[in-house]
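Q: So the sequence shown is numbered by my numbering: it starts at 931 and just counts up by one.
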Amino acid sequence: AINIQREINLLQAHLCIPVLAYGSLSSVITLGNKISGKVFFDEDIELLSMLAGYIGMAVENAFLYREANLRKILNENILENIPCGVIAINSNGRINAFNKNAAKMLDISSHDILGKDVKHIGSLFTDILLRTLKDKKTYEMREVVHPTTHLVYSVSTSLLDAGGELGAIMIFSDISEIRKLQSSLNAVTEFEKKLKNLEGRTVTSGIATELGNMLLTHSG
931 AINIQREINL LQAHLCIPVL AYGSLSSVIT LGNKISGKVF FDEDIELLSM LAGYIGMAVE
991 NAFLYREANL RKILNENILE NIPCGVIAIN SNGRINAFNK NAAKMLDISS HDILGKDVKH
1051 IGSLFTDILL RTLKDKKTYE MREVVHPTTH LVYSVSTSLL DAGGELGAIM IFSDISEIRK
1111 LQSSLNAVTE FEKKLKNLEG RTVTSGIATE LGNMLLTHSG
């Protein structure tokens, strides 16, 4: 309180009008004496209070804009750095999100595809997104094979409801290498089974031969 009074004295303020934002004191409008030397009337204070109210709303809007802008930047950073492809469409089937991993996997430029019809990303993913949007059919880690590249993708979809406007989002990843490794591992496992089976047969055959020789020796 002492510091505030000191500041008021330094400003030679004779009238202070508080500016409120979100119900808390944001700033203060300070005024010195009128040039005419007259006192401040109720009408003056009412007008200044109204001005302070507008300033308070402007401050609130500035905070809201900054918060929304920071949230947008954060969302964009998350979208661009997530290790999966992300594609989102609005209720009209227009692409409104297409991150760099989606662009890399589908070999499509994000700048060229944003705002365009979903059909431009190819029939496979178009069908999946439109089924999600129109038929409310969601996918969860569904494996699909690209008809042209024959790459294997794991696909998940969900409906979006932002402000009453329905849309759909798809997250996908290329699991082709994983499937190749699994296939190789399965082949090795199958080979080991066959090898063990063959070793068993060889041992059994050896025992049978020895028993046969023993019988021949005793009979001789």
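Just so it is clear, CB atoms sit at the ideal spot from N, CA and C, and this is done for glycine as well.
On the criterion of 16 or more Cβ atoms from any shown chain inside 10 Å, does Val969 qualify as buried, or is it exposed?
A: On the sequence shown, position 39 is the one that residue 969 refers to. Flag for Val969 reads exposed.
Q: How do the stretch 1108-1118 and the stretch 1027-1040 stand: do at least 3 beta-carbon pairs fall below 8 angstroms, yes or no?
A: Taking 8 angstroms as the limit for Cβ pairs, the verdict is that the stretch 1027-1040 does not touch the stretch 1108-1118.
Q: Measure the C-alpha to C-alpha separation of Ser1113 and Val1085 and round it to an integer number of angstroms.
A: The residue labelled residue 1113 in the question sits at position 183 within the sequence shown. The residue labelled residue 1085 in the question sits at position 155 within the sequence shown. Cα to Cα, the separation comes out at about 20 angstroms.
Q: Which residues does DSSP list as the beta-bridge partners of Tyr1083?
A: Position 153 of the sequence shown, counted from the start, is the residue given in the question as residue 1083. According to DSSP, which records beta bridges pairwise, Tyr1083 is partnered with Val1074 and Asp1104.
Q: In this structure, does DSSP put Asp1037 in helix, strand or coil?
A: By one-based count along the sequence shown, residue 1037 stands at place 107. Coil.
Q: Name the two residues that bound the continuous beta strand (DSSP E) containing Gly1015.
A: Numbered from its first residue, the sequence shown carries residue 1015 at position 85. That run of the beta strand (DSSP E) goes Gly1015 to Ile1019.
Q: Tell me where the beta strand (DSSP E) around Val958 begins and ends.
A: One-based indexing of the sequence shown puts residue 958 at position 28. Ser954 to Leu961 is the extent of the beta strand (DSSP E) around Val958.
Q: Leaving out the 5 sequence neighbours to the left and right, which residues in its chain are closer than 7 angstroms to Met1071 when beta-carbon positions are compared?
A: Numbered from 1 along the sequence shown, position 141 holds the residue referred to as residue 1071. Answer for Met1071: Ser1084 and Ser1086, listed in chain order.
Q: Does Val1075 pass the burial test, meaning 16 or more other C-beta atoms within 10 Å, or should it be called exposed?
A: Looking up residue 1075 in the sequence shown gives position 145. Exposed is the call here.
Q: Pair every Cβ in the stretch 993-1010 with every Cβ in the stretch 1093-1109, then say whether three or more of these pairs are closer than 8 angstroms.
A: Too few Cβ pairs lie closer than 8 angstroms, so no.
Q: Go ahead and pull the three-state DSSP assignment for Val969.
A: The residue labelled residue 969 in the question sits at position 39 within the sequence shown. Three-state result, Val969: coil.
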